[in-house]
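Residue numbers (full-length UniProt numbering): 1 to 263.
Using N, Cα and C, we set each Cβ at its ideal position, and we do this for glycine too.
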Amino acid sequence: MLSFSKTPTRACGDYFKRAVVTLREFLSLIFLRQSLSSVLVYGVVSHPREGDADPSSSLDPSLSTSIRLKVNKFYSVGKIISDKPFKRGLVKSILDKFWVCDGEFKVIEKGGNKFLFHFTKEADRKKVLAGEPWLVGNNQLVIQEWRPHLSYEEIDLQHAPIWVQAHKLSPEDMNPTNAELIGNGFAGSLPAVFNLEDIFREDSFMCTQVRYRVDRPLPPGFFNKKSNGERQWVPLKYEWMPEICYKYGVTGPIAARCKSPEM
């Protein structure tokens, strides 16, 4: 027999001055505790084991046509790349100055500097997406369309568009194909915007829009291997940028903490 003696607590009073637990009762308690633990772990945390019945099922999205159309036309999802928390009212007041909308738009907080934007007119939503990049208080706002087949958590908010200028190129190197090649050096290029008149400007450069990872440094340029075998350094410049460290090429919160004297 196992015996446990404890000083009575104030809550128990004098009802239990001595607790006596038999071996059978003790083992029963242990078994009950293990059984409850296994139920909790398997039911809440664990995944099905090999050979178990598959608990998954395929949901039917065709029943939500009206919701799908509404999300696709009137909603966008965004994130402000900053360590500083932003509130809905401040974000709305800043964007009101830049987004010249014919209708109204609402800003809904989702936590972690993520926001849901609800437009009353589809044309306003398209105009905002086409007008990227956007800054909120000198911080990058990554904004994406909400494709109905994705949950809110699945939307990519790590890539943002940015305008890149490629300098010191010869006229024959300034063409849409090379603009796309430059974009491929980032996370991908967007449809190239190329103006032939830019070739004949005094400060001629080729400008294209690319997507970049907001948590990775931007390259200062690249080497171009010319037809005669020489390597030419092509410097890159960036337009409409958030806070950036000019030594390491990082943007956002990391740039704000950069101690480089070249800032």
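- Per DSSP, the continuous alpha helix (DSSP H) segment holding R125 begins and ends at E122 to A130.
- Between Q232 and Q158, the alpha-carbon positions lie close to 31 Å from each other.
- The C-alpha of F186 is placed about 10 Å away from the C-alpha of R216.
- Contact between the region 76 to 85 and the region 119 to 129 is established, with three or more Cβ pairs separated by less than 8 Å.
- Per DSSP, the continuous alpha helix (DSSP H) segment holding G89 begins and ends at R88 to F98.
- A residue is called buried once 16 or more other Cβ atoms fall within 10 Å of its Cβ, and P133 is buried on that count.
- Note on geometry: alpha-carbon atoms of Q165 and T177 lie some 15 Å from one another.
- Cβ-Cβ distances below 6 Å link E239 to W163 in the same chain, with the five nearest sequence neighbours on each side left out; the list follows chain order.
- Rounded to the nearest whole angstrom, the CA to CA distance from D96 to K225 is 46 Å.
- The alpha-carbon separation between K168 and V234 amounts to approximately 6 Å.
- In this structure, V91 lies away from V142, with their beta-carbon atoms at least 8 Å apart.
- Ranked by Cα distance from G112, the options P85, D156, G183 and V136 are led by P85.
- Rounded to whole angstroms, the gap between the alpha carbons of P171 and V210 is 21 Å.
- Annotation: F105 to Q144 spans about 15 Å, alpha carbon to alpha carbon.
- DSSP links S76 through a beta bridge to F117 and E145.
- Cβ atoms of E109 and F115 come within 8 Å of each other, at about 6 Å.
- Here DSSP, grouped into helix, strand and coil, assigns I108 to strand.
- DSSP, reduced to helix, strand and coil, places L135 within a strand of the structure shown.
- Leaving aside the five residues that flank E154 on each side, none in its chain has a CB nearer than 8 Å to its CB.
- DSSP places I162 inside the beta strand (DSSP E), whose first and last residues are H159 to H167.
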